[in-house]
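Q: Just passing along the structure, written as structure tokens.
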Amino acid sequence: MPIDRAGLGTQVTELFRAQITAGTWPLGSKIPTEPELVEWSGAGRNTVREAIGSLVQAGILRREQGRGTFVVSTSELRSSVTRQAAATSRRDSLELRLVLDAAAARIAAVRRTEADAARLRALLAERAEAWTTGDTHERVRADSALHRAVVAATHNPLLQDVYEGLLGVFEEVQLHDVTGETDHLAQLHTDLVDAISAADPARAAATMSTLLQPLINEASI
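Heads up: the sequence shown is residues 1 to 221, going by full-length UniProt numbering.
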């Protein structure tokens, strides 16, 4: 894909960034090798290195010695928020999650499609099944899938991007909360899905707050 020579470094950086935002280079994937990028972009080796370096500096790419360069974020916003959240306390992370999840639940109740509602019901069942395994990581995975689907039902790309960037932090925090035999939050998750499906934004937001506030209170002790 040859490009103009003027402002070449910036053009190549934006060309590579476009591959990430479009999903051509997915999150977690290894990007093509330097010779492959030189051939594909039509730019020189130094220009390609400069473009990769810019994206590494922005927190979008990460070089791993002997392995290559990997996509670790899809935007500067996501990478910046993720780095900051990872360095905060458990309480601060939960408070941030409460703000995002409650807002997402409210918006989802207004914008959700029938397909969104059906997906939420399916993921609710998967969450219940995951709890029976006793595997904390499986429980967190299933719970996160449901909450991600709530955010997806907002049909707000920016909110989804920020939430995806924070999800790893939220999941680390959540491992503390999914032990034991009884799923004390099962009914509240059912109530949440019901409220969104019924297009009741106030009830959806209130239910999400009821889900998360006790965890914040516990973390504040």
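From the three backbone atoms N, C-alpha and C, an ideal C-beta is built for every residue, glycine too.
#1: Helix, strand or coil: which one does DSSP assign to Leu215?
#2: Please go through the same chain and pick out, in chain order, the residues whose beta-carbon is closer than 8 Å to the beta-carbon of Ser144, but skip the five residues on each side of it.
#3: Go to Val72, then tell me how far its alpha helix (DSSP H) extends in each direction, as first and last residue.
#4: Could you tell me whether the Cβ atoms of Ala130 and Ala142 are closer together than 8 Å?
#5: Are the Cβ atoms of Ala204 and Leu192 separated by less than 8 Å?
#6: So what's Leu27 in DSSP terms, helix, strand or just coil?
#7: If we require 4 or more residues per run, which alpha helix (DSSP H) segments fall completely within the segment 138-217?
#8: For Glu218, which option in Ser93, Leu158, Gln187 has the closest C-alpha, if you only look at C-alpha atoms?
#9: With a 10 Å radius around its C-beta and 16 neighbouring C-beta atoms as the bar for buried, classify Ser197 as buried or exposed.
A: In short, the structure shows the following:
#1: helix
#2: Leu167, Phe170, Glu171, Gln174
#3: Counting along the chain, Val72 falls outside any alpha helix (DSSP H), and DSSP gives it neither H nor E.
#4: yes
#5: yes
#6: coil
#7: 157-174, 186-197
#8: Ser93
#9: buried
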